[in-house]
Amino acid sequence: MHGRYGVFAFPLACAVAFVALAPAAAQERTTPPRAADAPLPAVKAPALSIEKVSASCWVATRAMGAGNAGFIVGKDTVLVIDSLGDPRLAKQLLDKIKSVTKKPIRSVVQTHWHYDHTLGNQVFGDNVEIVMGAKAAAKFDSRLRADGMLLGPASGAHKSLNIRKVRPASETVKRQEKIDLGGLDVILSVVGECHSDEDLVVWVPSEKVLYCGDLVSNGHHPLLNGGSTFRTIDVLARLERLAVEHVVPGHGPRGKKALLATQRGYLAQLRGMVRHLGQRKMKPEEIVEKLEMPKSLRDLGHAAAWRDNVRFVVRELFTGR
Numbered sequence: 055m056h057g058r059y060g061v062f063a064f065p066l067a068c069a070v071a072f073v074a075l076a077p078a079a080a081q082e083r084t085t086p087p088r089a090a091d092a093p094l095p096a097v098k099a100p101a102l103s104i105e106k107v108s109a110s111c112w113v114a115t116r117a118m119g120a121g122n123a124g125f126i127v128g129k130d131t132v133l134v135i136d137s138l139g140d141p142r143l144a145k146q147l148l149d150k151i152k153s154v155t156k157k158p159i160r161s162v163v164q165t166h167w168h169y170d171h172t173l174g175n176q177v178f179g180d181n182v183e184i185v186m187g188a189k190a191a192a193k194f195d196s197r198l199r200a201d202g203m204l205l206g207p208a209s210g211a212h213k214s215l216n217i218r219k220v221r222p223a224s225e226t227v228k229r230q231e232k233i234d235l236g237g238l239d240v241i242l243s244v245v246g247e248c249h250s251d252e253d254l255v256v257w258v259p260s261e262k263v264l265y266c267g268d269l270v271s272n273g274h275h276p277l278l279n280g281g282s283t284f285r286t287i288d289v290l291a292r293l294e295r296l297a298v299e300h301v302v303p304g305h306g307p308r309g310k311k312a313l314l315a316t317q318r319g320y321l322a323q324l325r326g327m328v329r330h331l332g333q334r335k336m337k338p339e340e341i342v343e344k345l346e347m348p349k350s351l352r353d354l355g356h357a358a359a360w361r362d363n364v365r366f367v368v369r370e371l372f373t374g375r
């Protein structure tokens, strides 16, 4: 990233940049494309709520652990974290920001390329920078090009979503960058292939707020469909070294620093259970079918994700596919 963004290096003990390993599995289309003039269902956009996290930091959440967004209000400008997966939701987010401040939005930082966090960026003006990790930006651009050839203006869940209007990244981060919002420093750190092909976290050191994207889900099973659980565990352990007080997850309500350890524990426990059954010579397909959810995780939302998460870890540890 260039221009107004200066390079910032964390102390060595807190360095969290990594090299990505392999692309995440692409999400396949499960419904046929609609004809360009086909009527679309009238689906009401879910309500978006905002909550103040610290003096300058806010989180925007929805019910049932749907994807979060956030924004940081500096002395001069506003920085948005993630733009949600629907233009109607992104417009709600814009309205919520305007209810808090009249300062202009400078940048939208996308923590990763997945569509539930990015498709809403089409509502932001061309004067607003779209910032992503360099590898995530390349993946996002290639997906938009491919899907834009298949999905016309009338495709998707609502007519307001035109994938051809979604904005690719205009600025990229290779490792770590500092953004000055007018006396308020915000650190962008690329942490490599964790939840997706490449993930990025946003750290506000003066207010001890960490925006984690989908590295963390609170109150719900994470959705493991790409990236690396091994790398995620390592990154979460490194992030715990920071003086974090407030953690904003990609899904679910914001919480305290303990969320990092909770998410790391979930992944470590799942990997350990899968490895144990593998060492007992159980076949991969049997592990996927028979591994039961521990009682300690049964109160989490999105319980249907458990079987898919087991399958993902089995593939990581044993089959490679």
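The numbering of the sequence shown is this note's numbering, which starts it at 55 and goes up by one. Even for Gly, the Cβ is constructed at its ideal location relative to N, Cα and C.
Item, Value
"From the DSSP output, read off the bridge partner residues of W257.", "I241, L264"
"In the DSSP assignment, what residue or residues form a beta bridge with T115?", "S103"
"For a quick check, are the C-beta atoms of A123 and V134 less than 8 Å apart?", "yes"
"If we ignore side chains and look at the alpha-carbon of each, how far apart do A144 and V328 end up?", "39 Å"
"Out of K228, R292, I233, state which residue places its alpha-carbon closest to the alpha-carbon of E252.", "K228"
"Provide the residue span of the alpha helix (DSSP H) that contains F284, from first to last.", "283 to 293"
"Return yes when the Cβ of V127 is within less than 8 Å of the Cβ of K156, no when it is not.", "no"
"For A297, which residues of its own chain have a beta-carbon under 8 Å away from its beta-carbon, when the five flanking residues on both sides are left out?", "P259, K262"
"Taking a contact to mean a Cβ-Cβ separation below 8 Å, would you say I159 touches V182 in this structure?", "yes"
"Around the C-beta of A79, are 16 or more other C-beta atoms found within 10 angstroms, so that it is buried, or is it exposed?", "Unreliable placement is indicated for A79, whose pLDDT of 33 sits below 50; the coordinate value is still reported in the next sentence. With fewer than 16 other Cβ atoms within 10 Å, it is exposed."
"What did DSSP end up calling M327 once you bin it into helix, strand or coil?", "helix"
"Buried or exposed, going by whether 16 or more other CB atoms sit within 10 Å of the CB of K189?", "buried"
"Pick from N272, A192, R369, L314: whose alpha carbon is nearest that of K287?", "Note that residue 287 corresponds to Ile in the displayed sequence, not to Lys. It is L314."
"Below 8 Å on the Cβ atoms is my contact criterion, and I expect V230 with I217 to pass it. Report the Cβ-Cβ distance as a whole number of Å.", "It should be pointed out that residue 230 corresponds to Gln in this sequence rather than to Val. That pair is no contact at about 31 Å."
"Roughly how many whole angstroms lie between the Cα atoms of V107 and E225?", "27 Å"
"For K349, does the three-state DSSP call read helix, strand or coil?", "helix"
"In three-state DSSP terms, what is S271?", "strand"
"Which residue's Cα is closest to the Cα of L238: V270, S110, S137?", "S110"
"For T165, does the count of other Cβ atoms within 10 angstroms reach 16, so buried, or fall short, so exposed?", "buried"
"For A109, does the three-state DSSP call read helix, strand or coil?", "coil"
"Give me the Cβ distance between V367 and R325, rounded to the nearest whole Å; I'm assuming they're in contact under 8 Å.", "6 Å"
"Can you have a look at P303 and say buried or exposed, based on whether 16 or more other CB atoms are within 10 angstroms of its CB?", "buried"
"Measuring CB to CB, does G273 end up less than 8 Å from P307?", "yes"
"Could you compute how far the alpha carbon of L102 sits from the alpha carbon of G267?", "17 Å"
"Find out if the Cβ-Cβ distance for the pair V255, G187 is shorter than 8 Å.", "no"
"My assumption, with CB atoms under 8 Å, is that H171 sits in contact with D201. Please give the rounded CB distance.", "So it is not a contact: roughly 15 Å between Cβ atoms."
"Tell me L133's beta-bridge partners as DSSP assigns them.", "I126, S161"
"Could you tell me if H330 is buried or exposed, where buried requires 16 or more neighbouring beta carbons within 10 angstroms of its beta carbon?", "exposed"
"Within the same chain, show all residues whose beta-carbon is closer than 6 Å to that of L264, passing over the 5 residues directly before and after it, in chain order.", "W257, V298, V301"
"Consult DSSP for T155 and reduce its assignment to one of helix, strand or coil.", "coil"
"Leaving out five residues before and five after V163 in sequence, what residues of the same chain have Cβ atoms less than 8 Å from its Cβ?", "L133, V134, I135, D136, V185, M186, L242, L254, V256"
"Select from V364, A192, E247 the residue whose C-alpha is nearest the C-alpha of H275.", "V364"
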